[in-house]
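> Numbering (full-length UniProt numbering), first residue to last: 1 to 332.
Ideal Cβ positions, reconstructed from N, Cα and C, are used throughout, including at glycine.
#1: Would you call the CB atoms of residue 243 and residue 223 closer than 8 Å?
#2: Is DSSP giving residue 254 helix, strand or coil here?
#3: Hey, quick one: how far does the alpha helix (DSSP H) through residue 53 stretch, first residue to last?
#4: Suppose the cutoff is 7 Å on Cβ atoms and the five residues either side in sequence are ignored; what does the same chain contact list for residue 114 look like?
#5: So for residue 242, helix, strand or coil by DSSP?
#6: I'd like to check one pair, residue 252 with residue 230: are the Cβ atoms closer than 8 Å?
#7: Are the beta-carbon atoms of residue 36 and residue 302 separated by less than 8 Å?
#8: Do residue 15 and residue 161 have their C-beta atoms within less than 8 Å of each other?
#9: Grouping DSSP H, G and I as helix and E and B as strand, with all else coil, what is residue 263?
#10: Less than 8 Å between C-beta atoms, sequence neighbours within five positions excluded: which residues of the same chain meet that for residue 200?
#11: Would you call the segment 301–318 in contact with the segment 40–52, where contact means no fewer than 3 C-beta pairs closer than 8 Å?
#12: Within the chosen definition, does the segment 104–119 reach the segment 63–79 through at least 3 CB pairs nearer than 8 Å?
#13: Do residue 274 and residue 140 come within 8 Å of each other at the CB atom, strictly closer than that value?
#14: Suppose you measure from the CA of residue 5 to the CA of residue 289; what does that come to, to the nearest Å?
#15: Classify residue 56: buried if its beta carbon has 16 or more other beta carbons within 10 angstroms, exposed otherwise.
#16: Along the chain, which unbroken stretches of the alpha helix (DSSP H) at least 4 residues long are found entirely within the segment 119–183?
#17: Are residue 112 and residue 271 closer than 8 Å when you measure CB to CB?
#18: Hey, could you find the ends of the alpha helix (DSSP H) residue 204 is sitting in?
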């Protein structure tokens, strides 16, 4: 297959607001051993992209400075030792960065075939949130059929994915949101909405569960919610931290309440996981979740699609906080 010498990608000119995202013409990325080169048709937008753009994401040495953690497209070249894919395969992938581009090199272990019936835009909205939810809600959080979960930010990409997977696997899910429209969206996904502007979520959990609480909480708020989260947990409950929109530190945390419930507080950064860990998550998704996607269930909710050149507008839309579901860049 003949490939061009150059491509367009979106670079971060300097840490700052959405306007620092600028298109630039650059050579195609090299394909290392164990990687596939994907001609990108669509790329998902995620909150870590915005944190990276603002200079607030912990970038370890060697991390790709180009934003974009998930893509969907066609395989156009194979690195040495790749046997599970062929040129022309339609795939989606969790990248190590570099997804805001016309071409992206991705480890083959983080690449999955697009299920039948799933289009480019839907496929691009799957990897980051599904890897994250599976590894944290079901992995670290240990959520299982018959349990209860609380999902903060219920209409975000992470939130909508978590709600769909809770419904798929028989987990009763509560979710927080800040408007009637967002609460209605949570209800449509099978969750029990809590409007945090009108209700104290820990009290609602206590009332709805006869004081038993929830087994696992998926939290994007961090410090500001820490005491209320522990209050909402059941005995031996697990609080899994994914973000810190409410601050990375907690003042006056009640350690006694945590100890009395034997609560586990944990969290993770997906990007910091090893290639082997990400490949293992991909294998689990293919076994447990891909059949549901192929059957038309748990498909990502798409809020809005922007052209690649309008990445700045896409980021501004995400940071406005009015979206329900995923925001996607259409590339080629």
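Once the coordinates are examined:
#1: Translated into the one-based positions of the chain shown, residue 243 becomes position 243. Translated into the one-based positions of the chain shown, residue 223 becomes position 223. Taking 8 Å as the Cβ cut-off, residue 243 and residue 223 do not qualify as a contacting pair.
#2: Taking the first residue of the chain shown as 1, we reach residue 254 at position 254. In the structure shown, residue 254 sits in coil (DSSP, three-state: anything other than H, G, I, E or B).
#3: Here residue 53 is taken as the residue at index 53 of the chain shown, counted from 1. Looking at the DSSP string, the run of the alpha helix (DSSP H) that includes residue 53 is 47–53.
#4: Counted from its first residue, the chain shown places residue 114 at position 114. Same-chain partners within the cutoff: 72, 90, 91, 92 and 123.
#5: Here the question's residue 242 lines up with position 242 in the chain shown. In the structure shown, residue 242 sits in coil (DSSP, three-state: anything other than H, G, I, E or B).
#6: Numbered from 1 along the chain shown, position 230 holds the residue referred to as residue 230. Numbered from 1 along the chain shown, position 252 holds the residue referred to as residue 252. No.
#7: Translated into positions along the chain shown, residue 36 becomes position 36. Translated into positions along the chain shown, residue 302 becomes position 302. In this structure, residue 302 does not lie closer than 8 Å to residue 36 by Cβ.
#8: Working through the chain shown from its first residue, we reach residue 15 at position 15. Working through the chain shown from its first residue, we reach residue 161 at position 161. No, the Cβ-Cβ distance between residue 15 and residue 161 is not below 8 Å.
#9: If you number the chain shown from 1, residue 263 lands on position 263. The answer is coil: DSSP assigns residue 263 none of H, G, I, E or B.
#10: Position 200 of the chain shown, counted from the start, is the residue given in the question as residue 200. Answer for residue 200: 228, listed in chain order.
#11: yes
#12: yes
#13: Within the chain shown, the letter at position 140 stands for residue 140. Within the chain shown, the letter at position 274 stands for residue 274. Judged by their CB atoms, residue 140 and residue 274 are not nearer to each other than the 8 Å cut-off.
#14: The residue you call residue 5 lines up with position 5 of the chain shown. The residue you call residue 289 lines up with position 289 of the chain shown. Residue 5 and residue 289: Cα-Cα distance of roughly 37 Å.
#15: The count along the chain shown starts at 1 and reaches residue 56 at position 56. Around the Cβ of residue 56, a 10 Å sphere holds fewer than 16 other Cβ atoms; the residue is exposed.
#16: 120–124, 127–133 and 157–168
#17: Against the chain shown, residue 112 aligns to sequence position 112. Against the chain shown, residue 271 aligns to sequence position 271. No, Cβ-Cβ distance for residue 112 and residue 271 is not below 8 Å.
#18: For the purposes of this step, residue 204 is taken as residue 204 along the chain shown, with counting starting at 1. Its alpha helix (DSSP H) spans residues 201–208.
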